[in-house]
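Participant: Quick one: the structure is below, questions incoming.
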Amino acid sequence: MQLYIYYYMLLSGLSHMNGVCDTGKRTSVIESHMYSRTVQTAAHELAHNLGADHDGEGDAKACRPEDGFIMTPHGQLYDEFTPYSRNPWIFSRCSVESFKKKLRTKSCVKIAGAVFNILEWSKFLQKQAGDVFTPDKQCRLAYGPNSQFVGTPTEDICHILKCTKPATRQRRRKFIFAARGTMCGENKWCIEGRCIPKS
């Protein structure tokens with residue numbers, strides 16, 4: 001699906017601000033195209049629905065957008081030379097404070113049975129995305145059916161997973177974050193861009 005607004009063609013998600021308890025406003029729409037980007041966009045739009053502003057704006061003025069947390073107003077671009085940062089996987093302190101402040105006043109999120117089925121949710125926690133999607137499948141999800149993973153499953157794939165992107169005249173390399181749970185060595189997996197031992 002391609003989201004489009006006449007003044008902003010690179011839009012990847014829409015959400016009602018602070019609409020989590022309003023029946024007509026408690027949904028978000030995201031564009032699904034690259035696994036890692038889709039997950040970040042979903043978290044970003046859900047945060048808006050829970051009342052969080054972009055970093056550097058509104059109640060989040062104290063947090064710098066260039067620090068690249070989930071609520072940055074613009075997507076972060078990464079390549080193999082970008083230093084590691086945990087920020088793309090976490091919320092800034094401004095976002096966390098906003099969640100705490102706004103969720104204290106939202107009665108709909110305090111009634112667990114009304115919105116949350118622990119048995120249904122536990123099925124989704126049994127496997128990580130990296131258990132389901134191999135590096136090759138992650139590349140195909142991001143760049144199409146002819147894309148492939150380049151390299152070996154070693155520690156550096158967590159921060160930058162390299163994929164080929166077939167073009168008409170040349171094969172270009174593209175970079176994505178490896179999905180959570182992607183193997184990165186013997187008895188190790190990727191969590192938040194780092195290769196850590198499975199526990």
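Just so you know, full-length UniProt numbering puts the end of the sequence shown at 199, numbered straight through with nothing missing. Note that beta-carbon positions come from the ideal geometry of N, C-alpha and C, so glycine has one too.
Just tell me which of Ile157, Val96 and Asp136 has its CA closest to the CA of Ala43.
Facilitator: Val96
Participant: Could you tell me whether the Cβ atoms of Gly185 and Arg86 are closer together than 9 Å?
Facilitator: no
Participant: With DSSP run on the structure shown, which of helix, strand or coil describes Gly185?
Facilitator: It is a strand residue.
Participant: So the beta strand (DSSP E) Ile30 belongs to, where does it begin and stop?
Facilitator: Ser28 to Ile30
Participant: Where do the ends of the beta strand (DSSP E) carrying Gly13 lie?
Facilitator: That run of the beta strand (DSSP E) goes Gly13 to Ser15.
Participant: Identify every run of the alpha helix (DSSP H) within the segment 115 to 180, keeping only runs that are complete inside it and at least 4 residues long; order them along the chain.
Facilitator: 118 to 124, 129 to 132 and 135 to 143
Participant: Return the first residue and the last residue of the alpha helix (DSSP H) that Arg93 is part of.
Facilitator: Arg93 to Leu103
Participant: Please report the straight-line C-alpha distance between Asn18 and Asp59, rounded to a whole angstrom.
Facilitator: 13 Å
Participant: Assess contact between the segment 116 to 124 and the segment 147 to 163, defined as three or more Cβ pairs (one per stretch) separated by less than 8 Å. Is contact present?
Facilitator: The segment 116 to 124 is not in contact with the segment 147 to 163.
Participant: Residues in its own chain within less than 7 Å of Ala129 by CB, not counting five upstream and five downstream?
Facilitator: Closer than 7 Å at the Cβ level, and outside the excluded window around Ala129, lie Tyr35, Ala179, Arg180 and Gly181.
Participant: For Arg194, name the three-state secondary structure that DSSP assigns.
Facilitator: DSSP, read as helix, strand or coil, puts Arg194 in strand.
Participant: His74 by DSSP, collapsed to three states: which one?
Facilitator: coil
Participant: Please classify Ala52: does DSSP put it in a helix, a strand, or coil?
Facilitator: The DSSP-derived three-state label of Ala52 is coil.
Participant: Could you tell me if Arg195 is buried or exposed, where buried requires 16 or more neighbouring beta carbons within 10 angstroms of its beta carbon?
Facilitator: One point to set straight first is that residue 195 is Cys, not Arg, in the sequence displayed. Result: buried.
Participant: Spatial neighbours of Thr105 within its chain, please: C-beta separation below 6 Å, excluding the five flanking residues on both sides.
Facilitator: none
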